[in-house]
Every structure is written in structure tokens, then in C-alpha cells.
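Report on one structure; see the data block that follows.
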Amino acid sequence: MNRVVITGIGVVSPVGCGLNEFWSALVDGRSGIRAIENIPTQRLNTRIAAQVLDFDPNTYFEPKRANQLDRFAQFAVVAARAAVRDAGLDLDEELALQAATVIGTGAGGHITIDDSYFKLYGENAPKLHPLTIPRMMVNAAASQISMDLGLKGPTFTTATACASGTHAIGQAFQMVRSGQAPVAIAGGTEACLTVGTLKAWEALRILSNDTCRPFSKNRSGLVLGEGAAILVLETRERAVARGAPIYAELQGFGMSADAVDLISPDPDGAARAIRSALLDARMNAEDVDYVNAHGTGTTLNDRTETKALRSVFGKHADKLAVSSNKGVLAHGLGCAGALEAAATALALHSQIAPPTANFEEKDPECDLDVVPNVARQIPIRSAISNSFAFGGLNAVLVLGRA
Amino acid sequence: MDVLYEVKQVIAKQARVPMDQLSADTRLEALGIESIDVIEIVFALEEKFGVTLPFNANESAVSEFETIGKVANAVKTVVAEKTPS
Chain Z
0 MNRVVITGIG
10 VVSPVGCGLN
20 EFWSALVDGR
30 SGIRAIENIP
40 TQRLNTRIAA
50 QVLDFDPNTY
60 FEPKRANQLD
70 RFAQFAVVAA
80 RAAVRDAGLD
90 LDEELALQAA
100 TVIGTGAGGH
110 ITIDDSYFKL
120 YGENAPKLHP
130 LTIPRMMVNA
140 AASQISMDLG
150 LKGPTFTTAT
160 ACASGTHAIG
170 QAFQMVRSGQ
180 APVAIAGGTE
190 ACLTVGTLKA
200 WEALRILSND
210 TCRPFSKNRS
220 GLVLGEGAAI
230 LVLETRERAV
240 ARGAPIYAEL
250 QGFGMSADAV
260 DLISPDPDGA
270 ARAIRSALLD
280 ARMNAEDVDY
290 VNAHGTGTTL
300 NDRTETKALR
310 SVFGKHADKL
320 AVSSNKGVLA
330 HGLGCAGALE
340 AAATALALHS
350 QIAPPTANFE
360 EKDPECDLDV
370 VPNVARQIPI
380 RSAISNSFAF
390 GGLNAVLVLG
400 RA
Chain V
0 MDVLYEVKQV
10 IAKQARVPMD
20 QLSADTRLEA
30 LGIESIDVIE
40 IVFALEEKFG
50 VTLPFNANES
60 AVSEFETIGK
70 VANAVKTVVA
80 EKTPS
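Residue numbers (numbering that gives the first Met the number 0), protein chains in the order written: chain Z, 0 to 401; chain V, 0 to 84.
Written as C-alpha cells, this is what we have:
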């Protein structure tokens with residue numbers, strides 16, 4: 000079994016497309032949640048989201064090429080290029096033949112679907128653009144990355160709603176660990192902020208119109224976001240041999256299903272995923288110092304996650320620093336787990352626990368140390384990153400100091 | 000429109016129980032109604048009465064809509080606001 004490390008990170012996020020901007024916003028608790036732009040809001044009750052506003056596809060793609068990619072695939076390709084560049088990875092022919100690409104997304108090319116259906120039903124268009132299907136298909140991001148970088152190894156998409164990015168990184172981790180692939184490009188991407196998606200989320204009645212305040216007693220629900228994060232995973236041996244920078248080691252991966260409710264999370268399902276990840280990493284609960292929480296800012300998630308952490312960590316739970324990035328990034332659905340895995344790797348690298356932003360009031364039902372508003376320099380030996388999806392699908396990564 | 004009757008009808012359908020078993024005091028929880036059912040009930044009532052109910056699943060579905068009577072009262076309030084006096 001190979002040891003697996005993270006040697007490159009690329010992000011496209013509501014707080015910037017550079018790693019420094021991304022990390023400094025998380026550390027400073029500078030939120031990317033703002034009034035919605037570029038989407039007609041007349042028919043929406045939702046007025047806020049965390050959008051990627053400084054992204055011009057023409058900066059990254061020739062016009063003909065940009066036209067072939069839905070926004071979710073554009074984000075993914077841009078983040079993948081940045082990750083490979085960051086890792087200093089030389090993808091020669093031999094390596095490219097074996098390199099894996101595993102990309103999570105919840106919705107796929109949703110903007111393409113929304114636009115084309117509007118033309119069809121709203122404007123009675125007689126026919127649709129010939130690239131509608133290749134742009135919207137849920138595997139388009141994985142395919143586009145493989146074509147853009149010439150990666151020819153195992154390539155596929157994971158779709159587990161809000162845990163998609165985490166499941167993708169977990170699968171890629173297992174492939175590199177087992178020797179199936181020497182390197183993997185893995186992460187998540189999402190760009191589904193359309194009138195249709197926002198109306199559908201409004202119908203669930205869990206969106207906040209204030210902001211996202213994870214674990215805060217006055218939290219009022221979740222806020223939707225978008226973006227992408229892609230990691231370069233490779234064997235530790237390979238990374239050391241080529242003198243690559245190492246952000247963190249991937250140590251374990253756990254998955255579970257609640258098998259209870261379609262939308263309400265279950266503390267037992269979440270706890271089983273965390274335990275399974277620790278077991279996979281051959282670690283004790285006491286070895287973990289930091290938890291990057293799913294922390295959506297809904298009453299139910301934050302309470303359930305607290306219960307799950309208490310059940311797994313017992314007395315050690317009070318020694319954990321637990322924070323959610325969603326006050327800054329909001330909920331990027333399929334990209335959330337990947338952005339948060341990136342943040343967890345950076346936390347280990349810098350030995351800084353980023354804060355839970357927008358925190359105002361302690362909640363007795365979320366009584367963990369949630370690192371409110373101010374980042375903390377602490378020794379972080381190992382950390383976990385939690386993702387709990389609608390449909391009761393859970394994924395947890397364990398990361399360790401390089 | 001008899002609001003309580005209409006509310007009972009919607010809830011009976013969602014909970015799959017005969018309407019005559021329901022009264023204003025019936026607790027939603029006792030009918031096995033879960034959070035996802037409450038969202039559907041609210042949606043059905045909004046369609047039926049052409050109103051928007053101020054309901055946020057986040058604030059706790061159960062306390063606000065504990066009984067059928069409470070649901071009916073919430074509907075009556077918004078219906079009254081809608082009707083010009």
C-alpha cells in the first residue's frame with residue numbers, strides 16, 4: 000500500500016481563483032456571500048449567494064473551446080490546470096497513460112440545461128444547440144479535464160450531491176494507495192446557480208436570507224455557492240523522489256449511508272462514516288486535532304453533526320477545533336467537499352485552524368469549540384473533513400501533516 | 000372556504016389516513032409526518048389558497064405546526080391578510 004500525499008491544489012472560488020486569496024479569505028473569515036448578480040432575481044425570494052464573479056472564460060479558453068464547456072466544466076478545467084501547475088507535475092506520456100481523473104459534481108451542466116429548456120419551453124425554439132448534451136452531461140468536467148491535460152488513465156465522475164467532491168477525492172486516494180494509478184487529479188465542481196435551481200432550493204425552505212452562520216444559535220439556513228477545487232494526489236515516494244512540495248498526507252477515507260430520510264441528516268450515519276475513515280487511517284480519535292465540518296448553517300445539520308462528533312470522539316471532542324468554511328464559501332454542493340478538503344490540507348500545511356465565520360451566538364446544542372470568527376494557530380497532527388449529502392450519503396477524509 | 004376542512008383534507012392525503020380520524024387537536028407527529036411531509040403540506044396549502052405561508056423548515060417545523068389546528072390558524076392568518084378589508 001502506498002502512502003498518498005497532496006502536492007498540488009487549484010481553486011475557483013467565490014473568494015478568488017488564486018490559492019493565496021482563497022486561503023487568506025478563509026483565515027480572515029472574509030465572506031464571499033453577496034447580493035446575487037447576473038441572474039434575474041425578480042421572481043426569487045432568495046437574494047444572496049456566493050458566486051464566482053471574477054471569472055472570465057475568455058481568459059482561459061479560445062472562444063470556440065469555451066463554447067464547448069458549461070460553466071461547471073470551465074471551473075473544473077481551470078482548477079485542474081492550476082493544481083497541476085502548483086504541483087510542478089510533468090505529465091509525460093508514460094505518466095499521462097496511468098494518471099486518474101475523478102471529479103465530483105452534484106448537478107452537472109445545469110446552466111446549459113436551464114438555458115436550453117428556457118429556449119424550448121419559454122421561447123418555443125424549434126431546435127437546440129448541437130452541443131447541449133456534451134455540455135450538460137454530468138461527466139463533462141471529468142472528460143474535459145482529461146482532454147485538456149491529456150490524462151488517459153481511469154476517469155469518471157462521482158455524483159453524491161453535497162458529498163460529490165469528497166467521494167471523488169476518496170476514490171482517487173484509494174486508487175493511488177492501491178497502486179492502480181501513480182497520480183490522480185481529483186476534486187469537485189459546481190455551477191448550478193440559475194433561476195430554476197434557486198426556485199427549487201427555495202421550495203425546500205432551508206435557504207437563509209441573512210447569511211450563512213454555521214453553529215451560531217441565530218443561524219437561519221444555508222446559502223448556495225459555486226466553484227471548483229482540484230487536488231493533485233500522488234504516492235509519497237514519487238513526490239519525495241521528485242522533490243515536490245507536499246501540503247498534507249491523505250490518510251483515510253470512510254463512507255456510509257443513513258438509509259433513514261431523504262433530506263434530514265442522521266447522527267448515526269455521520270458517525271459511522273467518521274469511524275470508518277479513522278479505521279481506514281488506522282488512527283485513534285485522540286490523534287485528530289482539527290475537524291473541517293460540513294457545517295451548513297441549518298438547524299438540523301449543525302445539531303446532528305455535533306452529536307455525531309461527540310459520539311465518535313467522546314471526551315476528546317472538547318479538545319477538537321471544529322470549524323465550517325461555509326460562512327465564507329457558502330454551500331457549493333458538489334464542489335463543497337473539494338474546497339473544504341483543500342482548506343483542510345492548507346490548515347495542516349500552515350498549522351492554522353480557519354475560523355467559523357459569521358458566528359454570533361453560542362448554541363447549547365452545538366457545544367463544540369467552533370473557532371468562532373478568529374483563526375487559530377494550533378498544532379494540527381491530523382484532521383478530518385466531513386461531507387453529508389442529501390439522500391443520506393456521507394463521506395469523510397482523514398488528512399495528516401506532511 | 001372552510002379552512003380547517005381543507006387543511007384536514009391535505010394532511011389526510013399526505014399522511015394517508017382517513018379524514019374523519021383528524022381533528023384540530025391531532026398532532027402531526029402522531030400521524031408519522033416528517034420534515035419532508037411538512038414541506039409538501041405547506042406547498043399543497045399554498046397552491047390551494049393562493050397564498051405564501053411564512054414557513055422556514057429551519058426554524059423547526061414541529062413547534063410551529065404541531066397540530067392540525069395550528070396549521071389551519073397559520074393559513075387563516077395569511078388568507079385574512081390577503082383579503083382586502
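Positions of the beta carbon are idealized from the N, C-alpha and C atoms, including for glycine.
Please determine whether the Cβ atom of R84 of chain Z lies at a distance below 8 Å from any heavy atom of the ligand NAD. Judged by which ligands are present, the structure shown has none, so any question about the ligand NAD falls away.
Can you tell me whether DSSP reads G186 of chain Z as helix, strand or coil? strand
Are any of the Cβ atoms in chain Z nearer than 9 Å to that of E63 of chain V? no
Is A60 of chain V helix, strand or coil by DSSP? Residue confidence for A60 of chain V is low, a pLDDT of 49 falling below 50, so the modelled location carries little weight and cannot support an answer.
For A60 of chain V, which residues of its own chain have a beta-carbon under 7 Å away from its beta-carbon, when the five flanking residues on both sides are left out? Confidence at A60 of chain V is low in this model, with a pLDDT of 49, below 50, so its placement is unreliable and the value that follows should be read with caution. Correct list, in chain order: S34, V37.
Considering only DSSP beta bridges, list what R33 of chain Z is partnered with. Z:A48
Using a Cβ-Cβ cutoff of 8 Å, what residues of the stretch 199-224 of chain Z are near chain V? List them in chain order. A202, L203, R204, I205, S207, R218, S219, G220
So is H406 of chain Z buried or exposed if we call it buried at 16+ other beta carbons inside 10 Å? With chain Z represented from 0 up to 401, any question about residue 406 of chain Z goes unanswered, as that position is not in the structure.
Going by CA-CA distance only, name the one from Z:T131, Z:L150, Z:N19, Z:V182 that's closest to V76 of chain Z. Z:L150
Amino acids of chain V, ordered along the chain, whose beta-carbon sits closer than 7 Å to that of D362 of chain Z: Correct list: empty, because the minimum Cβ distance to chain V is about 13 Å.
Within this structure, are the beta carbons of A140 of chain Z and F71 of chain Z separated by less than 9 Å? yes
Alpha carbon to alpha carbon, how far is A382 of chain Z from S177 of chain Z? 22 Å
Assuming E233 of chain Z and P181 of chain Z are in contact, meaning their beta carbons sit under 8 Å apart, how far apart are those beta carbons, in whole angstroms? 6 Å
Residues of the stretch 258-290 of chain Z with a CB closer than 9 Å to any CB of chain V: list them in chain order, please. D260, L261, I262, S263
Find the residues of chain Z that neighbour F42 of chain V, judging by a C-beta separation of less than 8 Å, and give them in chain order. A202
On a Cα-Cα basis, can you pick out the residue from Z:F389, Z:V4, Z:A401, Z:A346 that is closest to L203 of chain Z? Z:F389
Bridge-paired residues (DSSP) for R26 of chain V: V:T66
Is the stretch 228-243 of chain Z touching the stretch 84-96 of chain Z in the sense that three or more CB pairs, one from each, lie closer than 8 Å? yes
Can you find the residues in the same chain that come closer than 6 Å, C-beta to C-beta, to L345 of chain Z, ignoring five residues on each side of it along the sequence? W22
At 8 Å on the CB atoms, spell out the chain V contacts of A40 of chain Z, in chain order. Strictly speaking, residue 40 of chain Z in this sequence is Thr, with Ala absent from that position. None at all; the shortest Cβ gap to chain V is about 17 Å.
Same chain, Cβ closer than 6 Å to A374 of chain Z, neighbours up to 5 away in sequence not counted: V26, I351, P353, P354
T40 of chain Z beta carbon less than 9 Å from that of D114 of chain Z: no
Measuring straight from C-alpha to C-alpha, what distance separates M0 of chain Z and E359 of chain Z? 45 Å
Could you tell me whether any Cβ in chain V is nearer than 9 Å to the Cβ of L319 of chain Z? no
Taking R46 of chain Z as the reference, which of Z:G187, Z:L221, Z:F155 has the closest Cα? Z:L221
On a CA-only basis, which of Z:G121, Z:A95, Z:D69, Z:L249 is nearest I132 of chain Z? Give me that one, please. Z:D69
Check the DSSP bridge columns for E248 of chain Z and list the partner residues they point to. Z:V4, Z:G399
Roughly how many angstroms separate the alpha carbons of L301 of chain Z and T295 of chain Z, rounded to a whole number? Note that residue 301 of chain Z is Asp in the sequence shown here, rather than Leu. When rounded, the distance between both Cα atoms is 7 Å.
Residue closest to H293 of chain Z, alpha-carbon to alpha-carbon, out of Z:E36, Z:N385, Z:L96: Z:N385
Could you list which residues in chain V have their beta carbon closer than 9 Å to that of T297 of chain Z, in chain order? A56, N57
Rounded Cβ spacing between V289 of chain Z and I8 of chain Z (contact assumed at less than 8 Å): Here the sequence assigns Tyr to residue 289 of chain Z, which means Val is not the residue at that position. Their Cβ separation, rounded to whole angstroms, is 17 Å, which puts Y289 of chain Z and I8 of chain Z out of contact at 8 Å.
Please give me, in chain order, every unbroken run of the alpha helix (DSSP H) with length at least 4 that falls completely inside the stretch 158-229 of chain Z. 163-177, 194-202
Among the residues of its own chain, which have a CB less than 8 Å from the CB of T297 of chain Z, if the five just before and after it don't count? I205, R218, G220, L221
Return helix, strand or coil for M0 of chain V, following the three-state DSSP convention. coil
Can we say the stretch 185-199 of chain Z touches the stretch 268-286 of chain Z, given the rule of at least three CB pairs closer than 8 Å? no
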